[in-house]
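In what follows, a structure is listed as structure tokens, so that the remarks can point back to it.
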Amino acid sequence: MDVYRGTAPPARRLSDFTCFVALFPHLIAGPIVRYNTIADQFGHRQHTYERFASGVALFILGFAKKILLANAMGRIADVVFAADSPDALTAWWGLAAYAGQIYFDFSGYSDIAVGLGRMVGFEIPRNFNSPYLSRSLTEFWQRWHMSLSSFLRDYLYFPLGGNRYGARRSMINLWLVMLIGGLWHGASWKFVLWGAYHGLWLALERGFAKRDGACGRSCRGRCRSRSPSRWCCWRGCRFGRRTGQPPWPTCVPCSASARRCRTANWCAARSSPLTT
Numbered sequence: 010m011d012v013y014r015g016t017a018p019p020a021r022r023l024s025d026f027t028c029f030v031a032l033f034p035h036l037i038a039g040p041i042v043r044y045n046t047i048a049d050q051f052g053h054r055q056h057t058y059e060r061f062a063s064g065v066a067l068f069i070l071g072f073a074k075k076i077l078l079a080n081a082m083g084r085i086a087d088v089v090f091a092a093d094s095p096d097a098l099t100a101w102w103g104l105a106a107y108a109g110q111i112y113f114d115f116s117g118y119s120d121i122a123v124g125l126g127r128m129v130g131f132e133i134p135r136n137f138n139s140p141y142l143s144r145s146l147t148e149f150w151q152r153w154h155m156s157l158s159s160f161l162r163d164y165l166y167f168p169l170g171g172n173r174y175g176a177r178r179s180m181i182n183l184w185l186v187m188l189i190g191g192l193w194h195g196a197s198w199k200f201v202l203w204g205a206y207h208g209l210w211l212a213l214e215r216g217f218a219k220r221d222g223a224c225g226r227s228c229r230g231r232c233r234s235r236s237p238s239r240w241c242c243w244r245g246c247r248f249g250r251r252t253g254q255p256p257w258p259t260c261v262p263c264s265a266s267a268r269r270c271r272t273a274n275w276c277a278a279r280s281s282p283l284t285t
């Protein structure tokens, strides 16, 4: 696709193409390494002790994020989400632990991939930029899994028309892109709903971004309150099919204040301590 669009030169040798396909720091889940970002590096790379040492340090940092932080937080989250009726404080701890788990898990192996690439001479783009410090949902997706966000933008959002056909069309395009992005995360209905949910709030934030008055301020505030950890509700949603369970999801974190919820928008947990 990059060669077809003219954003990257075609590979002159079969070995360059096979090297790109077999590049071991290139992980499916991220960072998403596109050919146009490293095409020139196949013929011109720098191998220095400083770059190798920097790659080793980044590899160790990512490994520590995964082993020391993500796994430990994951054990806490597993206990909380497995509980039938956690109290409010326990539910909040579970939400915070799961938000930390997925961040350190994703950013950890992204750092591992970037470090491995740097050790062998490749400079792979950065994938995370302190996403939990974002002040809006739009900014969050510009900081979280940046290679996926740019991939969806360049190969889905722009071909759909982007924002060239007015605000309404831009909002629809945002929603469609996030819906497809949900499918990228997993072939399950909960990921479809997750993508549709995030796409809805991204579209609303885009639509009300420049509006003044109480309505605009209210919508922008609600979009900001839909913090990144809102996906924790999808971890807690149990799509019950056993006898005695409701046909709609029942959310474990919500059980502290509401036993059942039909959508994550009704969850009692409004935001995560990690984002405040």
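Each residue of the sequence shown is one higher than the last, beginning at 10 in this note's numbering. A virtual CB, placed ideally from N, CA and C, is assigned to each residue, including glycine. Quantities reported herein were computed from a predicted structural model and do not represent experimental measurements.
Positions of the alpha helix (DSSP H) runs, each at least 4 residues long and wholly inside the region 23-105, are given as 23-30, 44-47, 58-73, 80-91 in order along the chain.
Taking the CA atoms as reference points, Phe51 sits about 12 Å from Leu23. Residues of the same chain with a CB within less than 6 Å of the CB of Gly191, apart from the 5 flanking positions on each side, are Phe200, Val201, Trp203, Gly204 in chain order. Residue environment analysis places Phe115 among the buried positions, since at least 16 neighbouring C-beta atoms fall within 10 angstroms of its C-beta.
The beta-carbon distance between Asp11 and Ala17, rounded to whole angstroms, is 4 Å. This is short enough to meet the 8 Å contact definition.
Collapsing the DSSP output to three states places Tyr164 in a helix.
Judged by beta-carbon spacing, Ala79 lies beyond the 8 Å limit of Val89, meaning their Cβ atoms are not closer than that value. Arg135 and Ala106 have their alpha carbons spaced roughly 24 Å apart. The criterion of a C-beta distance shorter than 8 Å is not satisfied by Val129 and Leu67.
With a threshold of 16 other beta carbon atoms within 10 Å, Asp120 meets it and is buried.
The residue from Ala92, Asp163, His194 with its alpha-carbon nearest to that of Gly103 is Ala92. Distance check between Ile76 and each of Thr46, Phe33, Gln110 places Gln110 closest, using alpha-carbon atoms only. Taking a contact as a CB-CB distance under 8 Å, the pair Leu213 and Val186 does not count as one, their CB atoms being some 15 Å apart. Rounded to whole angstroms, the separation of the alpha carbons of Leu146 and Gly126 is 30 Å.
Contact between Met155 and Asn138 is confirmed by a C-beta separation of about 7 Å, below the 8 Å threshold.
A direct Cα-to-Cα measurement between Glu59 and Gly216 gives close to 47 Å.
Take the alpha-carbon of Phe33 and the one of Ala108: they are about 28 Å apart. Annotation for Thr16: no alpha helix (DSSP H) segment contains it, and DSSP assigns it neither H nor E.
Residue nearest to Leu211 within the set Trp198, Trp193, Gln55, Asn182 is Asn182 (criterion: CA-CA distance).
The Cβ atoms of Leu188 and Gly170 do not sit closer than 8 Å to each other.
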